[in-house]
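In the numbering used here, the protein residues as written are 468 to 777.
Quick reminder that beta carbons are idealized off the backbone N, C-alpha and C, glycines included.
Bear in mind the structure is a predicted one, so any value in this text is a computation, not a measurement.
One structure is given below, encoded as structure tokens.
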Ligand code: UTP
């Protein structure tokens with residue numbers, strides 16, 4: 468691992484504060500079939516809220532209230548969830564059920580959400596490129612609709628600060644077991660003197676463990692310089708025949724032009740891939756066990772369940 472001291476002197480960096488989030492949610496969700504045959508995986512409930520609502524709430528907490536959701540066929544429930552439901556609201560109001568009424572309204576009042584269909588699901592890079600017109604020339608965040616970050620663990624706001632400091636693009640990294648790298652984009656990094664973030668030398672999409680440059684895996688949060696759009700337009704299909712965001716970021720990592728340079732924030736908190744069955748179950752159990760209304764009973768039951776040796 469080398470040390471880089473040039474990051475702070477990225478004098479040509481464009482320093483806008485980030486205002487917009489793009490949430491790609493057009494994937495087919497094949498890992499969660501049959502649940503996702505007719506329902507978007509982003510609508511799977513994590514305790515009592517669909518996974519996508521946690522993602523939008525995270526964006527809003529980081530100050531991003533302008534959201535573009537990239538959707539596709541079968542994704543209509545996403546739009547419905549963030550829309551008002553007058554009949555349901557009137558019924559709850561008549562009953563005086565203010566708590567549930569607030570829950571119903573919270574989702575529709577959360578953010579200014581726009582929707583755009585991807586067309587063909589040609590990969591994450593292609594989904595992000597669909598956001599070009601909406602985003603314009605500003606740095607922007609990308610939050611994958613099936614990746615859930617525990618709200619007690621701050622990540623996005625630090626990434627936004629690192630983007631402003633470096634003028635490049637920023638990815639979120641986690642340490643994974645070497646046997647798991649083939650499920651992720653994987654990063655070769657160097658330290659940045661005096662900083663808690665790292666510079667990315669190389670990114671490889673879903674490498675075999677023997678070819679992986681490290682055990683640092685990219686997760687579904689990005690803060691990107693708009694230069695990524697021009698690169699994506701030139702990026703052909705990569706692994707799996709899809710247009711890979713990782714390939715475009717690899718090009719940016721090697722670029723000295725404005726918007727070049729890719730940096731990484733290593734995340735050590737709790738993150739769940741709700742598109743993966745086991746990770747989804749862990750998210751439900753963890754978040755439910757922390758809740759005042761469900762936690763005490765659930766934890767007691769879990770203890771008995773484990774002790775019963777099943
Ligand atoms: P995944 O790799 O999880 O693919 O996409 P997927 O199709 O959604 O799910 P599986 O692997 O078949 O179960 C990562 C993210 O990129 C989005 C997905 O919605 C998810 O948030 N994506 C992927 C798109 O928006 N469009 C695409 O063409 C591909």
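To the nearest angstrom, how far is the alpha carbon of residue i from that of residue j?
i           : j           : result
residue 764 : residue 653 : 40 Å
residue 614 : residue 514 : 15 Å
residue 575 : residue 556 : 12 Å
residue 731 : residue 598 : 22 Å
residue 629 : residue 664 : 8 Å
residue 699 : residue 710 : 8 Å
residue 772 : residue 690 : 42 Å
residue 583 : residue 618 : 27 Å
residue 655 : residue 498 : 28 Å
residue 687 : residue 750 : 16 Å
residue 545 : residue 522 : 12 Å
residue 760 : residue 505 : 31 Å
residue 739 : residue 647 : 14 Å
residue 586 : residue 708 : 16 Å
residue 716 : residue 528 : 26 Å
residue 484 : residue 524 : 19 Å
residue 702 : residue 516 : 36 Å
residue 554 : residue 571 : 11 Å
residue 607 : residue 633 : 14 Å
residue 475 : residue 558 : Bear in mind that a pLDDT of 42 at residue 475, under 50, signals an unreliable position, so the number given afterwards is only what the model happens to contain. Straight-line Cα distance between these residues: approximately 56 Å.
Looking only at its own chain, which residues have a Cβ that is under 7 Å from the Cβ of residue i, when we skip the five neighbours before and after it?
i           : result
residue 588 : 493, 494, 495, 539
residue 532 : 578, 579
residue 469 : With a pLDDT of only 43 at residue 469, under the threshold of 50, the placement of this residue in the model should not be trusted, and no figure is reported.
So, at 6 Å on beta carbons, what are the nonlocal neighbours of residue i in its own chain, with the 5 sequence-adjacent residues on each side left out?
i           : result
residue 542 : 507
residue 727 : 719
residue 625 : 732
residue 643 : 682, 684
residue 612 : 490, 492, 509, 519, 522
residue 641 : 684, 686, 734
residue 679 : 648, 653
residue 766 : 756
Could you pull out every residue in the same chain whose Cβ sits closer than 8 Å to the Cβ of residue i, ignoring the five residues on either side in sequence?
i           : result
residue 602 : 487, 489, 535, 693, 696
residue 550 : 575
Discussion item. Contact between the segment 654-674 and the segment 744-755 is defined here as three or more beta-carbon pairs at a separation below 8 Å; is this criterion met?
Written reply: no
Item to complete: Report yes or no: do the segment 557-565 and the segment 662-678 share at least 3 C-beta pairs separated by less than 8 Å?
Response: no
Worksheet entry | beta strand (DSSP E) runs contained entirely in the segment 701-735, provided each spans 3 or more residues | 729-733
Item to complete: With a floor of 3 residues, list each beta strand (DSSP E) that falls wholly inside the segment 595-652, ordered by position along the chain.
Response: 607-610, 614-616, 636-642
Practice prompt. Mind listing, in chain order, the continuous beta strand (DSSP E) runs of no fewer than 3 residues lying wholly within the segment 568-592?
Written response: 579-584
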